[in-house]
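These notes concern the structure reproduced below.
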Amino acid sequence: MSKPDHSDSSDQHNDTMKKRKTQIDAGIVRAGEERGVMILLTGNGKGKSSSAFGMAMRSLGYGFRVGIIQFIKGKQLSGEELFIREKHPEVYFEQMATGFTWDSQDRTGDIAAAEATWAHAQKLLQDDRYHLVILDELTYMLAYSYLDEEMVLNALRSRPEQQSVVVTGRGGGEALRQLADTVSELRDVKHAFKSGIKARKGVDY
């Protein structure tokens, strides 16, 4: 039996890859501006905070200084926090440890905690030594009106030019989306929890 002739498909593949490379090279040339970026990770899907922590690991790998502020997190320590506090104590890490808003059910207390936690975020957003600042679940502070929207937007706008910031959480408003350089929306297609599967240590928290 004769072997199939793949020469035509190979030539077509090579032509396609050449065109793609030309497009990519042109895009790299166009993207000549060098500055920090603001990334918004939003949507109802799982993985927003995990993606942000992945970027923290990436920056730390290059020896850059990283700051992480977590809003609306449970009182139980997460695997990410355990790892960073033990292995990377140089990371500025502040957590709003009031628990989730549906647990605390104390709007006044939540606002006070949000304002105290935001003070740490504002400090980082004014410090050009920090290459990357992560504001995890910040969008809820705006959605629940725990923090003044214009105050937050102004702080993000006026941060050091070479500093990048990652904001995570559902919603947050159109103004936050417009300010961001990159917006990624994670969509919930399936989630184990909805099928009655318990959250898994080391995977979900």
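Position one of the sequence shown corresponds to residue 2 (the numbering used here), numbered consecutively onward.
Note that the Cβ used here is the ideal one computed from N, Cα and C, for glycine as well.
{"query": "Counterpart residues of Tyr93 in DSSP-defined beta bridges", "result": "Gly68"}
{"query": "Beta-carbon spacing of Ala122, Ile70 below 7 Å", "result": "yes"}
{"query": "Beta-carbon spacing of Thr169, Lys49 below 7 Å", "result": "yes"}
{"query": "Endpoints, the alpha helix (DSSP H) within which Leu154 is located", "result": "150-158"}
{"query": "CA nearest to the CA of Lys1, picked from Ser79, Gly64, Lys22, Met39", "result": "Within the shown structure, residues of the chain are numbered from 2 to 206, placing residue 1 beyond reach of any answer."}
{"query": "Rounded C-alpha distance that separates Leu154 from Phe65", "result": "24 Å"}
{"query": "Leu42: first and last residue of the uninterrupted beta strand (DSSP E) it sits in", "result": "39-43"}
{"query": "Inter-residue CB distance, Gln96 and Asp129 (contact presumed, cutoff 8 Å)", "result": "That belief does not hold up - the Cβ atoms of Gln96 and Asp129 are roughly 24 Å apart, past 8 Å."}
{"query": "Cβ neighbour criterion (16 or more within 10 Å) applied to Ile198", "result": "exposed"}
{"query": "Classification of Thr43 by the beta-carbon crowding that lies within 10 angstroms, buried from 16 upward", "result": "buried"}
{"query": "Coarse secondary structure for Val30, derived from DSSP in three states", "result": "helix"}
{"query": "Coarse secondary structure for Glu186, derived from DSSP in three states", "result": "strand"}
{"query": "Contact belief for Val167 with Ile40 at Cβ below 8 Å, rounded distance in angstroms", "result": "5 Å"}
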